[in-house]
Amino acid sequence: MARYALTHGVDEEYIIHEDRSTKTEENVRFVAQLLTERLGDRITLKTQKIVFVTSDYHVPRTADLTRKLGVPGSVIGARTALYYVPAGFLREFVATLKQFAKANVIKWLCITALIAAAVGALTYLGSQQKYAIDENGNEIRPTVKAPQTPGKSDSKETVRIRVAEREPHDRAPSARWCNKGAQK
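Take a look at the structure:
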């Protein structure tokens, strides 16, 4: 980056090269220390025009860190090789998740609780439903007839019962209808 800036007319006295950091947050802290050493104090630091140059996919997180650490300045993204863009953005996504881990866990817990509450409410409401509506908009109410005691059955009234029987060799069950009222 420094070479690029020098070849494009930036004076060397305006370039600060920081090479001790291993993380973005360390990089911003060390640059702030170097600027404070060079300029004197934080008040002078706030009056200067500072530009942080980083990879284009890295700009949002770097800008957030500069604000969080109280380092004034602008963050500008340098062009990234096209083959590295997907990996760079994925890496940044994971780093952002780690940076805001506590907030992300709280958000996911809230979202999960809302989904669980919605599923629970819908399940409860579904169990309270007393009728269904067919495609014509008519109510379909379930009717259950009480079984008749032997000898007191009305010959005109029949109860239809669907009986499922298990076939040998674990085949699918077959159903047969029987007319309970007609059997005597």
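Letter by letter, the sequence shown follows residues 1 to 184 of UniProt numbering.
Backbone N, C-alpha and C define an ideal beta-carbon position, used for all residues, glycine too.
For clarity, every value in this text was computed on a predicted model and none was experimentally measured.
Can you round the beta-carbon distance between residue i and residue j to whole angstroms, since I take them to be within the 8 angstroms contact cut?
i           : j   : result
R61         : A95 : 6 angstroms
L65         : E25 : 6 angstroms
L6          : E13 : Not really, about 11 angstroms apart at Cβ, beyond 8 angstroms.
residue 193 : L69 : This structure does not reach residue 193, given that the chain is present from 1 up to 184, and the question cannot be answered.
When DSSP builds the beta bridges, which residues end up paired with residue i?
i    : result
A81  : DSSP lists no partner for A81.
V105 : According to DSSP, which records beta bridges pairwise, V105 is partnered with nothing at all.
I76  : V53
I140 : A132
According to DSSP, is residue i helix, strand or coil?
i    : result
T7   : helix
F89  : helix
I115 : helix
V51  : strand
V59  : helix
S21  : coil
T158 : Caution applies to T158, whose pLDDT of 49 falls short of 50 and renders its modelled position unreliable; the value that the coordinates give is listed next. Three-state result, T158: coil.
E135 : coil
V31  : helix
V94  : helix
L69  : coil
G40  : coil
Do residue i and residue j have their CB atoms nearer than 8 angstroms?
i   : j   : result
V71 : V28 : yes
V78 : V51 : Here residue 78 is Ala; the residue named in the question, Val, does not match the sequence. Their beta carbons are not under 8 angstroms apart, which means A78 does not touch V51 by this criterion.
L39 : I16 : no
In angstroms, rounded to a whole number, what distance separates the CA positions of residue i and residue j?
i    : j    : result
E92  : V105 : 18 angstroms
Y124 : K102 : 33 angstroms
P86  : D56  : 12 angstroms
G137 : T112 : 35 angstroms
V119 : E18  : 53 angstroms
F89  : A117 : 34 angstroms
H8   : A2   : 10 angstroms
L114 : A63  : 32 angstroms
E126 : C110 : Looking at the sequence itself, residue 126 is Gly, so the reference to Glu does not match. Rounded to the nearest angstrom, the two C-alpha atoms are 24 angstroms apart.
E139 : Q128 : 15 angstroms
S74  : L82  : 24 angstroms
I76  : L97  : 22 angstroms
Q99  : T80  : 23 angstroms
T22  : F30  : 11 angstroms
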